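Add 206 to a position in the sequence shown, counting from 1, and you land on the number used in my numbering. Note that the Cβ used here is the ideal one computed from N, Cα and C, for glycine as well. From a predicted model like this one, the values you see are computed outputs, not experimental measurements.
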Amino acid sequence: MRVRIVFGLKNKGACVPFHHQHLLYELVMRLLPPTYNLYTYSFSGLKGQTQTTQKGLHFYSSKVTWVVSSVSKSFLKQLVSAIFQQKELHIGELLLKPEYVEKELLPDLSNKTQFLCISPIVLANPNKNSFYAKHFVSPSSSLFSDLIYEATLSRMEASHLYSPDEMKEFSKFQIVPDAEYLERIKNNDKKFARIYTLQESGIRYEIRGYTFPFTLYAHPKVQDFVLACGLGSYTYRGYGMLDLADHSQTQKFILPHWEMIDEDLEVIKVNTKDEF
207 MRVRIVFGLK NKGACVPFHH QHLLYELVMR LLPPTYNLYT YSFSGLKGQT QTTQKGLHFY
267 SSKVTWVVSS VSKSFLKQLV SAIFQQKELH IGELLLKPEY VEKELLPDLS NKTQFLCISP
327 IVLANPNKNS FYAKHFVSPS SSLFSDLIYE ATLSRMEASH LYSPDEMKEF SKFQIVPDAE
387 YLERIKNNDK KFARIYTLQE SGIRYEIRGY TFPFTLYAHP KVQDFVLACG LGSYTYRGYG
447 MLDLADHSQT QKFILPHWEM IDEDLEVIKV NTKDEF
């Protein structure tokens, strides 16, 4: 299940860091109890009309959108409920007022899917593989697919959503990058792989994130999982969120936020004085 939470921006020109996933991760941690499986959701950065300066991303649109996806409807309902309990959210310098929710109805996926990266893909957790978490690996190499496969299968197993027999069906996995895109990026002297910093348990890590379009060959259940929960490592921190390259079969519905919430769902009370 995937939703777009739309906010009104109260102070045009305000900014957030260019990579501000950590601010959104902190927001999720503040709004929700620590009972959700970290491997069952992912989210994008904030989207809107922006201008980049040395200070960061300045937003000039009247609306700002945040995409959140999960295999858990309960997680999304709790998060939406908690957000709309707030009169105003502070994210970086942005003052955001929750307005409405747009729900996406995605098509059934096959063994072959073309994806776009909404946020950078991280190959490995530096606690488990510090070298490949930062070292550049060519997306065209078998090593790149192998590292992503290991991270994906590990997360799928840890999610407890699949039986051992199902896990055995997920042996086929290959990422094929868009070669024309990579060549165009190279010719224009631009980058598709950058170093990002991440704080975890008081330790500062440097990780490499990759952003490029690609085709994934994998079991349909694996396709569904990575579309809902992200690809690679640290997806629960806003890395590795994907989108479909072809939206011709995607349906969107604008809903009042209360239609996302079941009547019997426990409402989370959040201190509106907190600043995020």
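1. Measuring CA to CA, which of 276, 310, 239 is closest to residue 457?
2. Give every residue of the same chain whose Cβ lies closer than 6 Å to the Cβ of residue 271, excluding the five residues on either side of it in the sequence, and list them in chain order.
3. Could you compute how far the alpha carbon of residue 244 sits from the alpha carbon of residue 442?
4. Measuring alpha carbon to alpha carbon, tell me which residue in 276, 361, 428, 435 is nearest residue 315.
5. For the candidate residues 453, 331, 440, 434, whose alpha-carbon lies nearest to that of residue 274?
6. Could you tell me the alpha carbon to alpha carbon distance between residue 294 and residue 397, rounded to whole angstroms?
7. Do you know how far the Cα of residue 207 is from the Cα of residue 248?
8. Mapping the DSSP letters down to three states, classify residue 339 as helix, strand or coil.
9. Could you tell me which residues DSSP puts in a beta bridge with residue 323?
10. Can you give me the C-alpha to C-alpha distance between residue 302 and residue 216, rounded to a whole angstrom?
11. At which residue ranges does the stretch 231 to 278 contain complete beta strand (DSSP E) runs of 3 or more residues, listed in the order of the chain?
12. Does the count of Cβ pairs from the stretch 378 to 398 and the stretch 331 to 343 closer than 8 Å reach three?
13. Assuming residue 363 is part of the beta strand (DSSP E), what are its boundary residues?
14. In the DSSP output, which residue or residues are listed as bridge partners for residue 309?
15. One question on the structure: do residue 399 and residue 410 come within less than 7 Å of each other, judged by their Cβ atoms?
16. Using only alpha-carbon positions, find the residue among 256, 369, 319, 238 that is nearest to residue 290.
17. Just checking my contact of residue 222 with residue 233 at CB under 8 Å: how many whole Å lie between their CB atoms?
18. Can you tell me which of 305, 276, 328, 235 puts its alpha carbon nearest to the alpha carbon of residue 417?
19. Is DSSP giving residue 441 helix, strand or coil here?
20. How would you label residue 333, buried or exposed, when you count the other beta carbons within 10 angstroms and need 16 or more for buried?
With the given structure in hand:
1. 310
2. 210, 212, 253
3. So the alpha carbons of these two residues sit roughly 6 Å apart.
4. 428
5. 434
6. 36 Å
7. 11 Å
8. Looking at residue 339 - three-state DSSP - the assignment turns out to be helix.
9. 448
10. 6 Å
11. 247 to 253, 256 to 258, 263 to 265, 269 to 276
12. no
13. Element bounds for residue 363: not the beta strand (DSSP E) but the alpha helix (DSSP H), 348 to 365.
14. Note: residue 309 sits in a beta bridge opposite 209, 459.
15. no
16. Looking from the CA of residue 290, the closest CA among 256, 369, 319, 238 belongs to 238.
17. Contact doesn't hold; Cβ gap of about 12 Å is too wide.
18. 328
19. helix
20. exposed
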